[in-house]
Amino acid sequence: MKLYTYFRSSAAYRVRIALNLKGLTYEAVPVHLLRGGGEQLQESYRAINPSGLVPSFEDAGMTLTQSVAILEYLEEAYPKTPIMPADAIGRARVRELAQIIACDIHPVNNLRVLRYLVRDLGLSEEQKTEWYRHWLVGGLEALEQHLARDPAGGAFCHGDTPTIADCCLVPQVFNAQRNGIDIAVYPAIARINAACIAMPAFVAAHPSNQPDAE
Numbered sequence: 194m195k196l197y198t199y200f201r202s203s204a205a206y207r208v209r210i211a212l213n214l215k216g217l218t219y220e221a222v223p224v225h226l227l228r229g230g231g232e233q234l235q236e237s238y239r240a241i242n243p244s245g246l247v248p249s250f251e252d253a254g255m256t257l258t259q260s261v262a263i264l265e266y267l268e269e270a271y272p273k274t275p276i277m278p279a280d281a282i283g284r285a286r287v288r289e290l291a292q293i294i295a296c297d298i299h300p301v302n303n304l305r306v307l308r309y310l311v312r313d314l315g316l317s318e319e320q321k322t323e324w325y326r327h328w329l330v331g332g333l334e335a336l337e338q339h340l341a342r343d344p345a346g347g348a349f350c351h352g353d354t355p356t357i358a359d360c361c362l363v364p365q366v367f368n369a370q371r372n373g374i375d376i377a378v379y380p381a382i383a384r385i386n387a388a389c390i391a392m393p394a395f396v397a398a399h400p401s402n403q404p405d406a407e
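Each residue of the sequence shown is one higher than the last, beginning at 194 in the numbering used here.
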């Protein structure tokens with residue numbers, strides 16, 4: 194297994210968590226998103242992932258380039274230590290929670306969007322920050338309500354073991370805190386995040402513990 198990763202990439206962080214939860218050994222290949230205009234945009238990396246994004250994941254002779262698809266693949270190909278519930282309703286709920294993060298919050302706040310706002314549209318750094326906080330706070334508020342109202346919730350996003358939803362939640366909280374968002378105002382999110390980051394699999398996946406950390 195080979196994971197093309199960047200230590201602060203939320204999407205790569207999700208996959209690192211899942212690999213650790215499942216006890217899978219992999220080779221980490223750093224792709225620096227800022228150095229030299231972005232190593233992810235170089236021709237050599239685009240030959241692996243035409244989208245020019247991280248992560249990319251290689252296993253069994255194939256390459257996957259979307260983090261949630263990688264998480265689903267890991268669950269199906271390596272079912273030991275499951276990260277999805279066994280029942281259809283539970284699996285759908287976990288996907289719903291994961292997609293609130295991976296589809297609603299993260300895409301409008303990732304590096305290429307923020308760069309476009311400043312370099313191409315001419316927004317100031319203050320305007321860029323306001324954009325980031327607007328979409329992040331709105332997404333976290335919605336996620337908090339989903340987590341707080343559902344009786345299927347437990348110690349984690351769903352039940353009492355981590356799932357794909359938790360793999361997505363923790364990196365988003367990390368980014369929020371890096372940008373000055375007080376997570377304490379979202380008690381369900383704060384509680385679940387605290388339970389996750391106490392686990393060795395999440396600790397090992399943390400950006401500060403990556404070989405390319407700066």
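Just so it is clear, CB atoms sit at the ideal spot from N, CA and C, and this is done for glycine as well.
Going by the DSSP bridge assignment, what does residue i pair with across the sheet?
| i | result |
| --- | --- |
| threonine 256 | Glu251 |
| tyrosine 197 | Val222 and Ser249 |
Whose CA, out of the options, lies closest to the CA of residue i?
| i | options | result |
| --- | --- | --- |
| threonine 258 | Asn302, Ile294, Gly245 and Ile374 | Gly245 |
| valine 208 | Gly347, Leu267, Ile385 and Ala381 | Leu267 |
| alanine 383 | Ala394, Val366, Ser237 and Arg308 | Val366 |
| valine 301 | Gln320, Ala398, Tyr325 and Arg371 | Tyr325 |
| glycine 254 | Gln233, Met194 and Asn242 | Met194 |
| proline 355 | Ala387, Asp405, Ala406 and Asn303 | Ala387 |
| serine 202 | Leu290, Asn303 and Val261 | Asn303 |
| glutamine 403 | Leu316, Val222, Ser237 and Arg286 | Val222 |
| alanine 341 | Thr256, Leu307, Pro380 and Ile298 | Pro380 |
| leucine 264 | Leu316, Ala204 and Gly229 | Ala204 |
| asparagine 372 | Glu323, Thr256 and His339 | Glu323 |
| leucine 169 | Ala369, Arg305, Trp328 and Phe395 | The question about residue 169 has no answer, for the chain in this structure spans 194 to 407. |
Run the proximity test for residue i: is its beta-carbon closer than 7 Å to any non-hydrogen atom belonging to the ligand HEM?
| i | result |
| --- | --- |
| leucine 267 | Absence of the ligand HEM from the depicted structure is noted, as is the absence of any ligand whatsoever, leaving it without description. |
Below 8 Å on the Cβ atoms is my contact criterion, and I expect residue i with residue j to pass it. Report the Cβ-Cβ distance as a whole number of Å.
| i | j | result |
| --- | --- | --- |
| tyrosine 206 | proline 364 | 4 Å |
| histidine 351 | glycine 283 | 6 Å |
| isoleucine 276 | isoleucine 357 | 5 Å |
| aspartate 405 | tyrosine 199 | 7 Å |
| aspartate 359 | arginine 286 | About 13 Å separates the two Cβ atoms, so there is no contact after all. |
| phenylalanine 250 | leucine 196 | 5 Å |
| lysine 215 | tyrosine 271 | 5 Å |
Any 3 or more C-beta pairs closer than 8 Å across the segment 209–221 and the segment 367–379 | Look at the beta carbons and you see the segment 209–221 not touching the segment 367–379: under three pairs across the two are nearer than 8 Å.
The segment 339–353 touching the segment 307–316, judged by at least three CB pairs closer than 8 Å | Contact between the segment 339–353 and the segment 307–316 is absent, because fewer than three Cβ pairs lie under 8 Å.
Segment contact flag, the segment 316–333 with the segment 291–307, C-beta cutoff 8 Å, min 3 pairs = Inter-segment contact for the segment 316–333 and the segment 291–307 is present: three or more beta-carbon pairs are separated by less than 8 Å.
Do the segment 387–403 and the segment 353–364 touch if we need at least three Cβ pairs shorter than 8 Å?
-> Touching, yes.
Jot down the residue ranges of each uninterrupted alpha helix (DSSP H) in the segment 335–396, minimum 4 residues, whole runs only, in chain order.
-> Counting whole runs of 4 or more residues, the segment 335–396 contains the alpha helix (DSSP H) stretches 357–371 and 380–390.
Where in the segment 259–295 do unbroken runs of the alpha helix (DSSP H), each at least 4 residues long, occur, reported from the N-terminal end onward?
-> Within the segment 259–295, the complete alpha helix (DSSP H) runs of at least 4 residues are 260–270 and 281–292.
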